[in-house]
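Trainee: Here it is, the structure in full.
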Amino acid sequence: MKSKKVYIVLIVLMVIFFLIMFLIFGLDELKKEGLDATIIVDKDTVWTYSERSWIRQTSFNEYNWKKYDVYMNNEKAGNYYLWYSDKWYAFDDKKNAVMLDGDLLAINANYDVPVYNFQKNEIDNYYQVNKVLEDNKLPTDVEYTVNHKVEFDYDGDGEIEEFYVVSNAFPIESNPKKIFSLVFMVKGDNVYPIYTNISNNTGFNGCRPYFSGFIDVDKDNKYEFILSCAEYSVSGVSRMLYDFDNNKFKILISNN
Ligand SMILES: [Ca+2]
Ligand SMILES: [Ca+2]
397 MKSKKVYIVL
407 IVLMVIFFLI
417 MFLIFGLDEL
427 KKEGLDATII
437 VDKDTVWTYS
447 ERSWIRQTSF
457 NEYNWKKYDV
467 YMNNEKAGNY
477 YLWYSDKWYA
487 FDDKKNAVML
497 DGDLLAINAN
507 YDVPVYNFQK
517 NEIDNYYQVN
527 KVLEDNKLPT
537 DVEYTVNHKV
547 EFDYDGDGEI
557 EEFYVVSNAF
567 PIESNPKKIF
577 SLVFMVKGDN
587 VYPIYTNISN
597 NTGFNGCRPY
607 FSGFIDVDKD
617 NKYEFILSCA
627 EYSVSGVSRM
637 LYDFDNNKFK
647 ILISNN
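Heads up: the sequence shown begins at 397 in our numbering, then just goes up one per residue.
Encoded structure:
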């Protein structure tokens with residue numbers, strides 16, 4: 397009789413344990429299951445999210461004449477139909493052409509996808525930048541061709557994170573030995589590398605990095621972001637969608 401009671405108590409405890417674990421970890425995962433999204437970045441990138449996995453699309457026809465939330469230069473431009481030829485063209489509800497100019501980000505999803513309207517700020521203090529340069533054995537007297545930061549509470553923990561974007565790619569006045577592009581986050585005293593690209597200067601190598609959008613793609617109240625890096629002239633742009641997982645940044649999908 398006594399052993400039966402112990403047995404029941406154990407089962408009840410186990411059920412409670414799994415219920416708590418499910419509420420903590422399972423609910424977020426379950427919520428992601430039904431999410432479907434298409435993300436377009438300028439004329440070279442279409443990524444789709446379905447059944448919790450990302451796919452890079454190489455044929456864009458299937459994404460024509462769908463309605464997208466359209467952002468230009470990180471500002472909401474409207475909700476338009478898009479059609480692809482050499483680039484994406486936008487049309488309103490009456491199929492009248494809408495002129496768009498700048499960096500395009502377009503999202504079609506079966507849920508509201510939060511997009512953060514971030515600002516690029518000047519770097520007022522180079523302490524963290526110089527530290528990262530030194531860690532990478534790079535000189536700190538730099539002719540910067542990219543140097544800005546984005547500051548906001550991107551993970552919703554009440555603390556502001558700083559995202560630094562620096563590069564000396566395609567210098568005009570100097571001829572550095574090394575060409576670098578560095579993107580990293582500073583949170584408290586910690587530096588988290590995001591993108592590190594260092595190579596010998598061979599003329600027009602390297603790329604200029606910039607953020608193309610902070611988007612909460614999986615609706616867990618933490619933003620993911622798209623980082624782009626533009627090569628010289630028409631050579632192309634690398635694009636990467638990043639997530640922060642296990643205390644480091646990882647690429648969810650890229651266009652390479
Ligand atoms: Ca934060
Ligand atoms: Ca998220």
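Glycine is no exception: its CB is placed at the ideal position from the N, C-alpha and C atoms.
Does the beta-carbon of Asp614 have 16 or more other beta-carbons within 10 angstroms, so that it is buried, or is it exposed?
Mentor: Result: buried.
Trainee: Is it the case that the stretch 512 to 521 contacts the stretch 489 to 502, given that we only count it when at least three CB pairs across the two stretches are under 8 angstroms?
Mentor: Using a C-beta cut-off of 8 angstroms, the stretch 489 to 502 makes no contact with the stretch 512 to 521, since fewer than three inter-stretch Cβ pairs fall below that distance.
Trainee: What residue range does the beta strand (DSSP E) around Tyr523 cover?
Mentor: Taken as a continuous stretch (DSSP letters only), Tyr523 belongs to no beta strand (DSSP E), being part of the alpha helix (DSSP H) at 523 to 531.
Trainee: If we ignore side chains and look at the alpha-carbon of each, how far apart do Ser608 and Asn470 end up?
Mentor: Distance between Ser608 and Asn470, taken at the CA atoms: about 7 angstroms.
Trainee: According to DSSP, is Glu458 helix, strand or coil?
Mentor: helix
Trainee: Mind checking Ser624: buried by the 16 CB within 10 Å criterion, or exposed?
Mentor: buried
Trainee: Just checking Glu627 against ligand 3 - is the residue's beta carbon closer than 7 angstroms to any of the ligand's heavy atoms?
Mentor: With respect to small molecules bound, the structure shown includes ligand 1 and ligand 2 and not ligand 3.
Trainee: Identify whether Tyr507 lies in helix, strand or coil by the three-state DSSP scheme.
Mentor: coil
Trainee: Would you list the one or two residues that DSSP bridges to Lys490?
Mentor: The partner list for Lys490 (beta bridge, DSSP) is empty, contrary to what the question assumes.
Trainee: Using a Cβ-Cβ cutoff of less than 6 angstroms, which residues in the same chain neighbour Lys583 once the five nearest sequence positions on both sides are dropped?
Mentor: Glu557
Trainee: Against chain B, does Val582 count as a neighbour if the rule is that its beta carbon must be under 8 angstroms from one of theirs?
Mentor: Protein chain content of the structure displayed is limited to a single chain, and chain B is not contained in it.
Trainee: Can you look up Asn429 in the DSSP assignment and give me helix, strand or coil?
Mentor: The amino acid occupying residue 429 in the given sequence is Glu; Asn does not appear at that position. Residue state, collapsed to three classes: helix.
Trainee: Report the three-state DSSP secondary structure of Leu409 (helix, strand or coil).
Mentor: helix
Trainee: Pull up the CB-CB distance for Phe576 and Ile590, whole angstroms please, since I reckon it's below 8 angstroms.
Mentor: Contact doesn't hold; Cβ gap of about 14 angstroms is too wide.
Trainee: Enumerate in chain order the residues of its own chain whose CB-to-CB distance from Val396 is below 8 angstroms, with the five nearest sequence positions on each side excluded.
Mentor: Within the shown structure, residues of the chain are numbered from 397 to 652, placing residue 396 beyond reach of any answer.
Trainee: Rounded C-beta distance between Tyr459 and Val437? I'm assuming under 8 angstroms.
Mentor: The pair is not a contact, with the Cβ atoms about 12 angstroms apart (cut-off 8 angstroms).
Trainee: Could you please give the first and the last residue of the uninterrupted beta strand (DSSP E) stretch that includes Lys646?
Mentor: 644 to 650
Trainee: Quick one: does the C-beta of Asp585 sit closer than 7 angstroms to a heavy atom of ligand 1?
Mentor: no
Trainee: Please report how far the alpha carbon of Ala502 lies from the alpha carbon of Tyr467, in whole angstroms.
Mentor: 6 angstroms
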